[in-house]
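To start, the structure under review is shown below, and the notes come after it.
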Amino acid sequence: MDTALSQDDEDFRGMVRVFLDDALTEPLRDAARKRTSLWQDIDTSMTWQHILHAKGWAAPDWPVKYGGTGWSLVQRYIFAQECVRAEAPALIPMSLRMCGPMLIGYGTDAQKAHYLPRILSGADIWCQGYSEPGAGSDLASLHTAAIGDGDDYVVNGTKIWTSYAQHANMMFALVRTATDGKKQQGISFLLIDMALPGITVRPITNIAGVHELNQVFFEDVRVPKANRVGAENDGWSVAKYLLEFERFSMGSVELRRTLGRIEALAKITPAGCATLRDDADFRRQFARLEVNALTLEASEQRVLANLSAGKPPGPVSSSLNIQNAEILQSADMLGVETAANYASAFQPEALEVGRNRPPVGPEQAITMVPMYLSNRMKSIAGGSSEIQRNIVAKAILGL
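Convert by adding 27 to the 1-based position in the sequence shown; the result is the number in this note's numbering.
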């Protein structure tokens, strides 16, 4: 696979840099530097999405007919790299990266016409209603019921670990519409307005002390049958398709962000009479992570080539999810070690967006422990690494 850049691609990189340098204000960059998990604070993320939408760049991976950019594989990769270099904020993934592609693949013409423009503009913010108490990795064991009543389903049950449900006005959810047959049968895929009567959102604070997760309760919630995606009782097919997009993410982009901060820290962290950058053991660990980053980038480019050809990521996204989680967790560990004594300072005020509280120690150190804590979930969220390995064994290796 030839990944050498043409002159056109180099010109594209220059154009992207000019746009980012002009569009990214210092408050946006500051908020991006203070991000401590996958999730950017909602105000910053939506401000940045509005800017990208006005430029026509909110969904580079979507087909042009639905609002995509028409960029090549290499150009999309360049854009992702340049966003890291310019310290751009993260976008909320549930809408643009998951719900949008799912609707493009499975939605009706009416659903596409209504929801896709609202996803691009940020008018709709989506959350995912998959996991339940007792139905996490074994998602097919879900019990939230949707009973048909005229033109509606009446939904009762609960969803848990629902990221950013406190901000979302829409949820895509799996519900049980039949109880006979295999567990995977009898599941339907619904689009649920979070403002409907009978929905309650309760916060869950994570190990880093941040409110990103929630439990959502449904009590006699009436959802129009027109909001079902795919056939009744065939929601498992839609869910598997969507999970391919959830499990494929540009993990190398986040890894490069972390490696850049570690490298900056190593230049100022003392190690005897020199800095940590001069320590042989540190250089060996850092070099191993850089090699892993290059390997991850090559794998991602293969998946992006499939996307460019109009194909879904496929089961290889499970393999990438495993790689991404394990490599990033190793990088986080090295980051905490590199921050040394500064990693032990508890300073949430320095991480507040819009607050000019100077950090204790180097700026790059303040996010190391929160990122380490947050990224422990990467080997669980979206399907645990054990589940992902089962998928790889079955769908790729044929075991």
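In this text, a Cβ means the ideal position worked out from N, Cα and C, and glycines have one as well. All figures in this text were calculated on a predicted structure; none of them were measured in a lab.
request  = Would you identify the three-state DSSP class for Tyr104, choosing helix, strand or coil?
outcome  = Residue 104 sits at position 77 when you count from the first residue of the sequence shown. DSSP places Tyr104 in helix when its eight states are reduced to three.
Ranges of the beta strand (DSSP E) found wholly within the region 126–194, counting only runs of at least 3 = Under the rule that a run must span 3 or more residues, the beta strand (DSSP E) segments found entirely inside the region 126–194 read 153–156, 172–176, 179–187.
request  = Select from Ile214, Ala314, Ile295 the residue whose C-alpha is nearest the C-alpha of Ala367.
outcome  = Here residue 367 refers to the residue found at position 340 when the sequence shown is read from its first residue. Of Ile214, Ala314, Ile295, the smallest CA-CA separation from Ala367 is found for Ile295.
query = Using a Cβ-Cβ cut-off of 8 Å (strictly less than) and excluding sequence neighbours within five positions of Ser346, which residues of its own chain qualify?
reply = Numbered from 1 along the sequence shown, position 319 holds the residue referred to as residue 346. For Ser346, same chain residues with a beta-carbon under 8 Å away, outside a window of 5 residues either side, are Ser326, Gln415, Val419, Ile423 in chain order.
key: Contact set for Ile119: own chain, Cβ-Cβ below 6 Å, skip 5 residues either direction   = Taking the first residue of the sequence shown as 1, we reach residue 119 at position 92. The beta carbon of Ile119 is closer than 6 Å to those of Ser72 in its chain, skipping five residues each way along the sequence.
task = Determine the direct distance from the alpha carbon of Leu65 to that of Thr185, and round the result to whole angstroms.
result = Here residue 185 is taken as the residue at index 158 of the sequence shown, counted from 1. Here residue 65 is taken as the residue at index 38 of the sequence shown, counted from 1. When only Cα atoms are considered, Thr185 and Leu65 end up about 24 Å apart.
task = Below 8 Å CB to CB, which residues in the same chain sit around Asp151 once its five sequence neighbours on both sides are set aside?
result = To locate residue 151, count along the sequence shown from 1; it is residue 124. If you ignore the 5 residues before and after Asp151, its C-beta comes within less than 8 Å of the C-beta of Ser122, Tyr142, Arg145, Asn196, Met197, all in its own chain and listed in chain order.
inquiry  = For the ligand HEM, is there any heavy atom lying closer than 7 Å to the beta carbon of Ile349?
reply    = The model on display carries no ligand, and the ligand HEM is accordingly not part of it.
ask   = Any contact of the region 234–251 with the region 91–111, i.e. 3+ C-beta pairs under 8 Å?
value = With contact defined as three or more Cβ pairs closer than 8 Å, the region 234–251 and the region 91–111 are not in contact.
message = With H, G and I counted as helix, E and B as strand and the rest as coil, what does DSSP make of Thr285?
response = Within the sequence shown, the letter at position 258 stands for residue 285. Looking at Thr285 - three-state DSSP - the assignment turns out to be helix.
Whole-number beta carbon distance between Leu217 and Ala167, since they are thought to touch under 8 Å = Here the question's residue 167 lines up with position 140 in the sequence shown. Here the question's residue 217 lines up with position 190 in the sequence shown. Not really, about 16 Å apart at Cβ, beyond 8 Å.
Cβ-Cβ separation, Thr63 to Thr394 (assumed contact under 8 Å), whole Å = By 1-based counting over the sequence shown, the position of residue 394 is 367. By 1-based counting over the sequence shown, the position of residue 63 is 36. Confirmed, Cβ separation roughly 5 Å.
inquiry  = Given this structure, state the Cα-to-Cα distance separating Ala258 from Arg60, to the nearest angstrom.
reply    = Taking the sequence shown and counting its residues from 1, one reaches residue 258 at position 231. Taking the sequence shown and counting its residues from 1, one reaches residue 60 at position 33. Rounded to whole angstroms, Ala258 and Arg60 show a C-alpha spacing of 44 Å.
message = If I measure Cβ to Cβ from Thr232 and keep anything under 7 Å in the same chain, skipping five residues before and after, which residues do I get?
response = For the purposes of this step, residue 232 is taken as residue 205 along the sequence shown, with counting starting at 1. Excluding its 5 nearest sequence neighbours in each direction, Thr232 has C-beta neighbours in its own chain below 7 Å: His238, listed in chain order.
task = Could you have a look at Arg255 and say whether DSSP puts it in helix, strand or coil?
result = The residue labelled residue 255 in the question sits at position 228 within the sequence shown. Note: Arg255 maps to strand in three-state DSSP.
task = Give the range of the beta strand (DSSP E) segment to which Asp220 is assigned.
result = Walking along the sequence shown from the start, residue 220 turns up at place 193. Per DSSP, Asp220 belongs to the beta strand (DSSP E) from 214–220.
key: Ser406 beta carbon less than 8 Å from that of Glu427   = The structure shown does not extend to residue 427, since the chain is modelled only from 28 to 426, so the question has no answer here.
key: Best match in Asp68, Glu37, Asn417 for proximity to Gln108 [C-alpha to C-alpha]   = Looking up residue 108 in the sequence shown gives position 81. Comparing alpha-carbon positions, the option among Asp68, Glu37, Asn417 lying closest to Gln108 turns out to be Glu37.
ask   = Apart from the five residues just before and just after Met28, which ones in its own chain have a Cβ nearer than 6 Å to its Cβ?
value = Here residue 28 is taken as the residue at index 1 of the sequence shown, counted from 1. Because Met28 carries a pLDDT of 46, less than 50, the predicted location of this residue cannot be relied on, and no value is offered for it.
task = State buried or exposed for Lys92, treating a residue as buried only when at least 16 other CB atoms are found within 10 Å of its CB.
result = By 1-based counting over the sequence shown, the position of residue 92 is 65. By the beta-carbon neighbour count (other beta carbons within 10 angstroms, threshold 16), Lys92 is exposed.
request  = Using three-state DSSP, classify Glu226 as helix, strand or coil.
outcome  = Working through the sequence shown from its first residue, we reach residue 226 at position 199. In the sequence under discussion, the amino acid at residue 226 is Ile, which differs from the Glu named in the question. Ile226: strand per DSSP, three-state reduction.
task = Kindly indicate the opening and closing residues of the alpha helix (DSSP H) around Met395.
result = Within the sequence shown, residue 395 is the residue found at index 368, counting from 1. Judged by DSSP secondary structure, Met395 falls within the alpha helix (DSSP H) whose first and last residues are 395–401.
Boundaries of the alpha helix (DSSP H) in which Arg60 is found, first to last residue = Looking up residue 60 in the sequence shown gives position 33. Judged by DSSP secondary structure, Arg60 falls within the alpha helix (DSSP H) whose first and last residues are 53–60.
inquiry  = For a quick check, are the C-beta atoms of Gly149 and His194 less than 8 Å apart?
reply    = Taking the sequence shown and counting its residues from 1, one reaches residue 149 at position 122. Taking the sequence shown and counting its residues from 1, one reaches residue 194 at position 167. No. Outside cutoff.
inquiry  = For Thr52 and Leu323, what's the separation of their Cα atoms in angstroms?
reply    = As a working note, residue 52 is residue 25 in the sequence shown. As a working note, residue 323 is residue 296 in the sequence shown. In a straight line, the C-alpha of Thr52 is about 31 Å away from that of Leu323.
request  = Note down the Cα distance separating Ala137 from Arg255, rounded to an integer number of angstroms.
outcome  = By one-based count along the sequence shown, residue 137 stands at place 110. By one-based count along the sequence shown, residue 255 stands at place 228. Using only the alpha carbons, I get a separation of about 12 Å.
Bounding residues of the alpha helix (DSSP H) (the contiguous stretch that carries Phe46) = In the sequence shown, counting from the first residue as 1, residue 46 sits at position 19. If you look at Phe46, you'll find it in the alpha helix (DSSP H) that goes 34–50.
query = Which value, in whole angstroms, describes the spacing of the CA atoms of Trp153 and Val243?
reply = Translated into positions along the sequence shown, residue 153 becomes position 126. Translated into positions along the sequence shown, residue 243 becomes position 216. Between Trp153 and Val243, the alpha-carbon positions lie close to 14 Å from each other.
key: Contact check, Asp165 vs Val380, beta carbons under 8 Å   = Within the sequence shown, residue 165 is the residue found at index 138, counting from 1. Within the sequence shown, residue 380 is the residue found at index 353, counting from 1. With respect to Val380, Asp165 sits apart: the two C-beta atoms are not nearer than 8 Å.
request  = For Asp261, count neighbouring C-beta atoms within 10 Å of its own C-beta (all shown protein chains included) and say buried if the count is 16 or more, exposed if not.
outcome  = Mapped onto the sequence shown, residue 261 falls at position 234. Of the other Cβ atoms in all chains shown, 16 or more fall within 10 Å of the Cβ of Asp261; this residue is therefore buried.
inquiry  = For Gly388 and Ala377, I'd like the C-alpha separation in whole angstroms.
reply    = As a first step, residue 388 is located in the sequence shown; it is residue number 361 there, counting from the start. As a first step, residue 377 is located in the sequence shown; it is residue number 350 there, counting from the start. About 11 Å.
ask   = At which residues does the alpha helix (DSSP H) containing Ala200 begin and terminate?
value = The residue labelled residue 200 in the question sits at position 173 within the sequence shown. Not the alpha helix (DSSP H): Ala200 falls in the beta strand (DSSP E), residues 197–203.
key: Chain-order list of residues whose beta-carbon lies under 8 Å from that of Lys82 (same chain, five-residue window excluded)   = Against the sequence shown, residue 82 aligns to sequence position 55. Take Lys82, set aside five residues on each side of it, and the residues of its chain with a beta-carbon closer than 8 Å to its own are Phe46, Ala50, in chain order.
request  = With a threshold of 16 other CB atoms inside 10 Å of the CB of Asp48, please say whether the residue is buried or exposed.
outcome  = By one-based count along the sequence shown, residue 48 stands at place 21. The residue is exposed, with fewer than 16 neighbouring Cβ atoms inside 10 Å.
message = Does Asn383 come out as helix, strand or coil in the three-state DSSP assignment?
response = Along the sequence shown, read from residue 1 onward, the residue named residue 383 stands at position 356. In the structure shown, Asn383 falls within a coil segment according to DSSP collapsed to helix, strand and coil.
query = From His77 to Pro230, what does the alpha carbon distance come to, in whole angstroms?
reply = Here residue 77 refers to the residue found at position 50 of the sequence shown. Here residue 230 refers to the residue found at position 203 of the sequence shown. Cα-Cα distance, rounded: 27 Å.
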